[in-house]
Structure formats: C-alpha cells, structure tokens
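All letters in the sequence shown, in the order written, are residues -19 to -1, 1 to 591 by mature numbering (1 follows the signal peptide of the UniProt record, and there is no 0).
By construction, the Cβ of each residue, glycine as well, lies at the ideal position given by its N, Cα and C atoms.
Reading through the structure tokens given below for one structure.
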Amino acid sequence: MKYILNGLFLTAVFFSAFAQNNNSYWQQEVDYKMNVQMDVKTFQYKGTQELKYTNNSPDTLNKVFYHLYFNAFQPGSEMDVRSRTISDPDSRVMDRISKLSPSEIGYIKPTLFTQDGVDAKYVIKGTVMEVMLNKPIFPGENTVLNMNWDAQVPLQIRRSGRNNADGVALTMTQWYPKLAEYDFEGWHADPYIAREFYGVWGNYDVTITIDESYTIGGTGYLQNPAAVGHGYTVPGQKPMHPVKGKYTWHFLAPDVHDFAWAADANYVHDTYPGPNGVTLHFFYKDDPEIAENWKNLQPKTAELMEFFNEQVGEYPYEQYSVIQGGDGGMEYAMCTMITGDRNFGSLVGVTAHELAHSWFQFVLATNESKHEWMDEGFTSYISDEAMNSVMQEKKPNPHSGSYRSYFFMATSGVEQPLTTHADRYASNRAYGVNAYSKGSVFLTQLGYVIGPENLSKTLKRYYTDFKFKHPTPNDFIRTAEKVSGFELDWYLTDWAQTTNTIDYAIKAVDNEGENTKVTLERIGLMPMPIDLYVTYEDDSQELFYIPLRMTWGEKSNPFTDLKRTVLEDWAWAFPTYTFEIKNGKKVKNMMIDATRRMADINQENNIYEK
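Shown next, in the form of structure tokens:
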C-alpha cells in the first residue's frame, strides 16, 4: 500500500504547479530493471538494463544522454587531468588515476543498445554517452531503452571502487549506466570530473548475483531475505543453498533517483529499530577494534533520524543503511558509505552529515551540480544542529566553524559566487568553503534576518512543499518569504550571486547632555538589518533593532526578556545611520549582533567600549 501511495504521490507531482521559478511543474520518470553478474575475483561484471522512460516534459526528445561514471577512473580522463592540474588536488585522488594499470581501471562498455527493440546509434565521450533515438519521444509518451554492458570496478580512489582503505571489497556507487536528467533547463549531462550528481526519479528493480560469502547492503528493500540470509532473515531461519556457489539478491527501490550497494565477505550486519517503523541497517567489517563504536553508533543514528524528522520532515522510506565503504562519507539513496575506522565522535559526526543528505538531496534533490550549496550547506547546517543536540555539545553557535571558513574565503580575494558550477571552482578549497560553509551560513544568517522561529518554519514548509520536486534557490527563498512576510530577493541575490561582503561599524558615539547620539556605518556592499545591543553603566541592557528597508518586515524580538526598541528602517543607499538614545542613561558599551549570526567580515568595528 505504501508503494502504491508513493506512486500516486509522484503522479500528482508531475502535474502540480508553482515549483521551478513558478513555471508549471513537471518531471521525467524512469523505471529501471537491472541484472548484474559479479565476478569477485576479477572485479568485472556484466549487466543488463531495461529502462522505461516517460517524457512528462512539454518537449519532443530526439536524443537521450547516459552517465558512465566508472569511465572517469582511467588515465587521461577529465577527472585524472583535472586532479593533476588543479592547484590543490584532493589528497585521495592526486595522480593515482594516471597510474592505474589495465586491470585496475574502471569502465562501463555498452555492448547492446536498443529503443523499443530496434538498435540505436550512440557515441561515448568520456563519462557521457549520447544516444540518437530511432523515433522521438513526444510529450506524455514513453519508450523502452535496453542496454547490455561489460564493466570493471576500479581500484578504490574516489567514492566508488574495490578494496578501499578499510579493506571493503566492493563499494558500488555510480556503477551502472544512469540516464541523465532532463528538466525545465534542458539536459544535464555533466561529465564526472570531481563531484555532484543529479538524477531522474523512478523505481529500481535490481538483481545482483555474487559469491555466496558476500553480504550486500544498500538502496532498496530486499525481496528474498529467506533465500540469501546474511542477517536479513529472522532468528533461526536458514537461507537456501546457493546455486553454483552464488546467491542472487533481489532489491526493489521505489521513488529514488539513484541505486548504490556495497558487498564484502567479512561484513557484520546488524539491524536497529528507527523512528516511525524504519529499520536501520549497519554493515561493518568484523574487526574487534571498531565493533564497540559501531554498536554504540546504532542508537545514536536512531536519535539523529528522529531529530531530522522533527526539524525538517518525516523520512519517507522504510529502511536506511549505514555501510562501511568508500573513501570518507558519501550519501546515496536510503544509505551512506563511510569509512569506519574512526573515533566515536567522528563516526557519529559523519553519519549525522550523510544521513541528513537523505532530506536535502535524496528527497528534495536540488541540482547539486549548479546549486551544490543547497545540498551541502543545508545538510551541514542541520547536521551541526543535530550534533549539538544528540551529542549534547551545547555550543552557543554550532555553526561557528562555518563562519570561520567563510570569513577566510571572503577576505582572501579569490572567493567565487555560489552560482559557480561545482566543477568550475578554481580550487577545491574554494568549492568546499562555498558549498559547505557559505551554504550553511546562508541558513544561520537567514535566521538572524527573519528570526529563528521563522527559519524553523521555513525549513519544514520547504520540505513539505518541494519534496520529490528538484527545487531551485528561488523556490527556497520564496518559501521563506511566504512564512516570514519579508521580501528576501535581495538576500538571495547578494549572498548567492555576488561576492559582496557584510561590514557594519559603530562609527561614533557622542554624549549630548543626557542623550547619546549613535552613528552606524555600512562599509560592505551587502545590506543587513541591525541588532545593536547596549549595556548602560547601571548594567541594564537594551536591544535596538534597525530593520532593513528593502525587507518590508520586522522580526520578533529574539530575546523576549530583553527590552527592545524598534527604530526607523535603514535604506541601503545611505552609508550611515544616526539615532539618539534618550532615556538619560549613560552607555557603558555596545555591540552590533552579539549573537554573531550576521557574517560581518570585520567584527572589531562592531564594538564600542566607553
């Protein structure tokens, strides 16, 4: 019944409105049927794929594109050359791809392609395959695309691969020919150079045949647990005998835009009850040195999921798997791959971050090649909040690290705007600061602008309104406007589309009889409302709030036990703002934004001491 309701929900999504810059909304749909035969000795596999593609767009399609991600792991690939020419290469990649031998490279080689049973021509360039269709796919029509392919799992270098640093045999991510997304902006057939993915929602029916000793964990719901065992059966139930030393695993995954799995002959497989009936799976190496941390991780993962359910919205699937694999931490549909030989705090931290991606990438699913900060930044924000709660870190500002990173980049002279494509950053550090730190500050600072209660409501409404809809930055900021009543186009424009910085200063404080005249100055180009905290000589305190004129709104007092005086708004074009304190009290000190939520790049001029 849940699958049926999910299907009906997606159907309704195709014809709903008011997403993607308020154009009439539509999205494409795919249904994959794949069969994989894995040889664990050679790390080669054969695959077959039947893909039913439904064109819900208003456009006639004469071609389609596929991603062949494993082709990136070959000497001379775009990923290889970029890693060897960028100023600060990822330490996990460096020049390692250039040194791979023929038996260590990765590849996906199509051996057959048909459209509705008729051969179709295709061209492969690096990690992208272009198919010239025999017949166009008209709006509202579907077609069946069949492909057979041979493939080899690369030596583990980045995300995917075999025999990673923790000794995991197979991390099978980006492992199959994946249809590229076509949306209101057209095709998104980005080559696999360094990072970020964007996919089409649909249903996956996947069977994997592999050596009997291997345990598999990943996306989807296992359909034949009694046949394969490996921790999926009820206590005391024995699996069926393997066929020629192999088991065939059958998974179904509804309403996802990717499918990932990992396999190892030495996995421990534990399950733990999650909130709302979700089953949490844990796959980790049978190593006594890490076992205690992985056992203790399980209840923490349940707490993290409950936190995200409460703060964002309910997780929509019935299972989630935390899997030892990969090269650090990377999110996938219903699962994550993480390296597992860590201290406990690090293990919980990486799980918190990757689990949070389930909301911001695998349910909301922005185009993270173009808007990577909406995925990584929002995920960083909510996972920092979760760690502060679940691990009882009790930090006054759990996002202070993001602010420090942003300040460094904003004053470096080499910052690029958030509109930069994920692969077009001049350095990996610039990408990392923008995607993770500046994206996180975007949310924290928005809470400063509209108030923390409105920020919380905005996140929940954003998730409710745009889950399964590929939202854009405009969709998010319009949601914040509807919740708060503020006009916020200026905030999105300055923060995401420019490198304008915030710098406000207390320019002068003059005593005029019993009154105090205060002059503030805007030095940076980006406008902001101002919270000015004043302490008087009698140690009483008062907050002066100066709204920003272009917001056409006033936030609630963030500290209800502190007297607040709302002053006239400040228009951006005026470089200074002057007002008088007329209560007869002498000022001891004052500070702009004592909460440090406003990302002012020079906070030394934010403070006045008598």
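Neighbour-count burial assignment, residue i, 16 or more Cβ in a 10 Å radius
i	result
N3	Summary for N3: the model assigns pLDDT 44, below 50, so the residue's position carries little reliability, and this model does not support an answer.
T66	exposed
P377	exposed
E495	exposed
G226	exposed
W533	exposed
L506	exposed
S364	buried
R459	buried
G57	exposed
G121	exposed
V209	buried
K375	exposed
K536	buried
N324	exposed
T196	buried
A207	exposed
L126	buried
T92	exposed
G217	exposed
G167	exposed
A552	exposed
N145	buried
H222	exposed
D239	buried
D491	exposed
Distance CB(residue i)-CB(residue j) smaller than 8 angstroms
i	j	result
P135	I86	yes
P556	L529	no
I527	I511	yes
D322	D171	no
Q279	V149	no
A234	M315	yes
Y185	V259	no
E335	M311	yes
V293	Y417	no
T200	A241	yes
residue 593	V422	Given that the chain is displayed from residue -19 to residue 591, the structure contains no residue 593 and the question cannot be resolved.
Y26	Y173	no
V112	A101	yes
Y34	T124	yes
D308	Q133	no
N435	V395	no
L501	Y485	yes
N37	Q9	yes
I504	F467	no
V181	V11	yes
L424	F359	yes
A411	Q426	no
Residues bridged to residue i (per DSSP)
i	result
K498	D491 and E561
A244	L151 and I197
S302	H262 and C316
D143	Residue 143 is actually Arg in this sequence, not Asp. In the DSSP output, where bridge partners are listed per residue, R143 has L136 and L151.
R503	Y485
P254	T260
Q25	D20 and Q133
W168	Y163
N123	T35
A234	Y185
residue 640	The chain is shown only over -19 to 591; residue 640 falls outside these bounds and no answer can be derived.
G210	Partner(s): none; G210 has no beta bridge.
K90	D131
K227	D192 and V224
Whole-angstrom C-beta distance between residue j and residue i, which should lie under 8 angstroms
i	j	result
M368	A333	5 angstroms
I189	W230	5 angstroms
A161	F343	About 18 angstroms; that fails the 8 angstroms criterion.
N570	Y589	6 angstroms
V414	T497	Not really, about 39 angstroms apart at Cβ, beyond 8 angstroms.
W340	F289	6 angstroms
F560	L548	5 angstroms
A580	Y298	With a Cβ gap of about 35 angstroms, A580 and Y298 do not count as contacting.
K281	V329	5 angstroms
M572	Y514	5 angstroms
Y253	F263	7 angstroms
Item to complete: Go through the stretch 527 to 583 residue by residue and report every complete run of the beta strand (DSSP E) that reaches 3 residues or more, in order.
Response: You should have 545 to 547, 557 to 562 and 568 to 573.
Worksheet item: Taking the runs of the alpha helix (DSSP H) that are 4 residues or longer, which of them lie wholly in the stretch 38 to 66?
Response: 59 to 66
Worksheet item: Which ranges does the alpha helix (DSSP H) cover as unbroken runs of at least 4 residues, wholly within the stretch 314 to 364, from first to last along the chain?
Response: 325 to 341
Fill in: Runs of alpha helix (DSSP H) wholly within the stretch 392 to 447 (minimum 4 residues, chain order)
409 to 413, 420 to 431 and 433 to 447
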